[in-house]
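Asker: Below is one structure. I have some questions about it.
Numbering (our numbering), first residue to last: 3 to 352.
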């Protein structure tokens, strides 16, 4: 992410004739700095000013605030706390929402293929992406079979005792996610939690129990740990998803594996998210891919659900100012019947 975000947003900014200054997170500044250096080298190669790309060294919150105070526009990829800091700077900006992707799987799906897609997405970069699945929701009639396919792909289902050990490791104070497990391998996390797992374990699974702060497994985990839910009625599962997203991930994304278009449409209409991806490995699909029409980016707006300006994938079109050139043409003035005819026919004049 420290590299790909710089590349995606950097290319969009340069293509729209903007200069950029990267202010990386202190723990990722080495990666971001090297990425910017590669960009500067490419600019020199084509005879462009290399200072179109700059990176803050020894970054800090104080430096970030100073940078935001002096720039023209801010693009912030990070969590809710960062969003608040950016808006406090008082500059035009695009911010993002936190992820907490839930993939719904129903009885019409090709379960073996779906398991491969979900795991491909889940284990990529050890779930560092906000677009990685944090949970799967399985229709009751295919639950057992789908769990077998997930386990065949390297999943390990924790029992109740192991679930508690994992919870204690991941949220030692019961609130904040332990940064030491972020984007680490499943075997490393299991070892730190004191859980014995088979060789070849690629991700850990826990059963979903409660929703909200009393069960942090219902939220974003940024690690190869997958929460598993079971459902009977689709509409009830959509409502459960909305409740989960009110706790964590509202505005971001959702996923469904189904051949039923009515369910896809119902999810898109009812879910409070900016993106619903169907029958795809979510982490590879959400930020744009050669197999879908999502715009390429690593910066995903969450709309008003997440306190963001837009619910779109932030890409080049968001870094342009648009000028309307208007000339007169013969006027067409609609009649009241044109404007209000259907309404008046249904509801009357009064």
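By construction, the Cβ of each residue, glycine as well, lies at the ideal position given by its N, Cα and C atoms.
#1: In the DSSP output, which residue or residues are listed as bridge partners for residue 258?
#2: Please classify residue 59: does DSSP put it in a helix, a strand, or coil?
#3: Give the C-beta separation of residue 191 and residue 164 to the nearest angstrom, bearing in mind that I take them to be a contact with Cβ-Cβ under 8 Å.
#4: Strictly by DSSP, which residues pair up with residue 302?
#5: If you draw a straight line from the alpha carbon of residue 281 to that of residue 135, how long is it in whole angstroms?
#6: According to DSSP, is residue 130 helix, strand or coil?
#7: Which two residues bound the contiguous alpha helix (DSSP H) that contains residue 173?
#8: Just to confirm before moving on: does the CB-CB distance between residue 14 and residue 318 stay below 7 Å?
#9: Go to residue 195, then tell me how far its alpha helix (DSSP H) extends in each direction, as first and last residue.
#10: How far does the beta strand (DSSP E) with residue 233 in it extend, from its first residue to its last?
#11: Can you list, in chain order, the residues of its chain whose CB lies under 6 Å from that of residue 143, leaving out five sequence neighbours each side?
#12: Counting pairs of beta carbons, one from the stretch 60-73 and one from the stretch 221-237, are three or more of them closer than 8 Å?
#13: Kindly give me the distance between the Cβ atoms of residue 244 and residue 270, rounded to whole angstroms, as I take these residues to be in contact under 8 Å.
#14: With a threshold of 16 other CB atoms inside 10 Å of the CB of residue 351, please say whether the residue is buried or exposed.
#15: Excluding sequence positions up to five away, which residues of its chain have a Cβ less than 8 Å from the Cβ of residue 200?
#16: Answer with buried or exposed for residue 22, where buried requires no fewer than 16 other C-beta atoms within 10 angstroms of its C-beta.
#17: Let me know if residue 40 comes out buried or exposed under the rule of 16 or more other beta-carbons within 10 Å of its beta-carbon.
#18: Quick one: Cα of residue 310 to Cα of residue 132, how far?
#19: Less than 7 Å between the C-beta atoms of residue 171 and residue 205, yes or no?
#20: Using C-beta distances below 6 Å, list every residue in its chain close to residue 294, excluding the 5 sequence neighbours before and after it, in chain order.
#21: Residue 322 and residue 18 - do their beta-carbons sit closer together than 7 Å?
#22: For residue 328, is the classification buried or exposed, using 16 other Cβ atoms within 10 angstroms of its Cβ as the cut-off for buried?
#23: Only counting the same chain, and skipping five residues up and downstream in sequence, which positions put a Cβ closer than 8 Å to that of residue 114?
#24: Measuring CA to CA, which of 33, 20 and 162 is closest to residue 7?
#25: In this structure, does DSSP put residue 73 in helix, strand or coil?
#26: Would residue 117 be called buried (16 or more neighbouring beta carbons within 10 Å of its own) or exposed?
#27: Buried or exposed, going by whether 16 or more other CB atoms sit within 10 Å of the CB of residue 138?
#28: Please return the same chain residues whose Cβ sits closer than 6 Å to the Cβ of residue 307, not counting the five positions on each side in sequence.
#29: Closer than 7 Å by C-beta to residue 1: which residues in its own chain qualify, once you throw out the five before and the five after it? Chain order, please.
#30: So if DSSP puts residue 137 in a beta bridge, which residue, or which two residues, is it bridged to?
#31: Of the residues 297, 194 and 111, which one's Cα is nearest the Cα of residue 166?
Answerer: In short, the structure shows the following:
#1: For residue 258, which the question treats as bridged, DSSP gives the partners 106 and 280.
#2: Correct three-state label for residue 59: coil.
#3: Contact doesn't hold; Cβ gap of about 11 Å is too wide.
#4: 315
#5: 13 Å
#6: coil
#7: That residue, residue 173, is in no alpha helix (DSSP H); it is neither H nor E in DSSP.
#8: It is a contact, given that the beta carbons lie within the stated cut-off.
#9: Unbroken alpha helix (DSSP H) run through residue 195: 188-195.
#10: Here the beta strand (DSSP E) through residue 233 covers 227-233.
#11: Around residue 143: 109.
#12: Because the criterion of three Cβ pairs below 8 Å is not met, the stretch 60-73 and the stretch 221-237 do not touch.
#13: Actually they are not in contact, since the Cβ atoms of residue 244 and residue 270 sit about 13 Å apart, beyond 8 Å.
#14: exposed
#15: 158
#16: buried
#17: exposed
#18: 16 Å
#19: no
#20: 287
#21: yes
#22: exposed
#23: 151
#24: Of 33, 20 and 162, the residue nearest in Cα terms is 33.
#25: Correct three-state label for residue 73: coil.
#26: buried
#27: buried
#28: 252, 253 and 274
#29: The shown model of the chain, from 3 to 352, leaves out residue 1, and the question about it has no answer.
#30: 104 and 229
#31: Considering only alpha carbons, the answer is 194.
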